[in-house]
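Let me begin by presenting the structure, written as structure tokens, before commenting on it.
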Amino acid sequence: MPRAATTSDAFNAVAEPRRREILDLLALHERPVGDIVESLNLEQPSVSKHLRVLREVGLVDVRRDGRRMLYRTNAQAIRPLHEWTSTFERFWRHQLSRIEERAEAKERRSSEKDQNSQRRNHDSDPSRN
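The C-terminal position of the sequence shown is numbered 147 in the numbering used here, with every residue numbered one higher than the one before it.
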């Protein structure tokens with residue numbers, strides 16, 4: 019089955035790790051291409067290509083400020099990604115809670131076993147009688 023085009027939807031666009039890095043960088047405030055290039059240590063043509071894909075799927079907005087183009091994330095377009103991943107976040111949170119509960123139960127059993135062993139040693143010590 020052929021892979022969908024990266025510009026077909028937001029999910030395909032963010033499948034590329036560099037695009038996720040760009041989105042992370044733009045999450046707090048808008049930036050010009052040069053800042054993205056410098057911050058991520060990527061080539062300018064590569065950054066421009068990734069920004070074009072992110073723009074085409076609506077994850078990034080751009081505005082002109084004189085000669086500079088400033089890019090920022092589009093929170094509304096990112097919402098479906100967040101909602102979808104939230105399902106898995108709840109799943110993993112539940113799984114981690116179960117792991118924590120099992121580890122704590124194991125720790126309690128181990129602690130009880132140590133205490134019982136110490137009591138037996140104490141009770142069987144001939145110098146104590």
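We put the CB at the ideal spot given by N, CA and C, even for glycine.
Check, Outcome
"N-terminal and C-terminal residue of the beta strand (DSSP E) that residue 80 is part of", "78 to 83"
"Three-state class that DSSP yields for residue 44 in the structure shown", "helix"
"Alpha carbon of residue 118 to alpha carbon of residue 108, nearest angstrom", "15 Å"
"Residue ranges of each beta strand (DSSP E) within the segment 82 to 109, 3 or longer", "86 to 91"
"Proximity of residue 91 and residue 60 at Cβ, strictly below 8 Å", "no"
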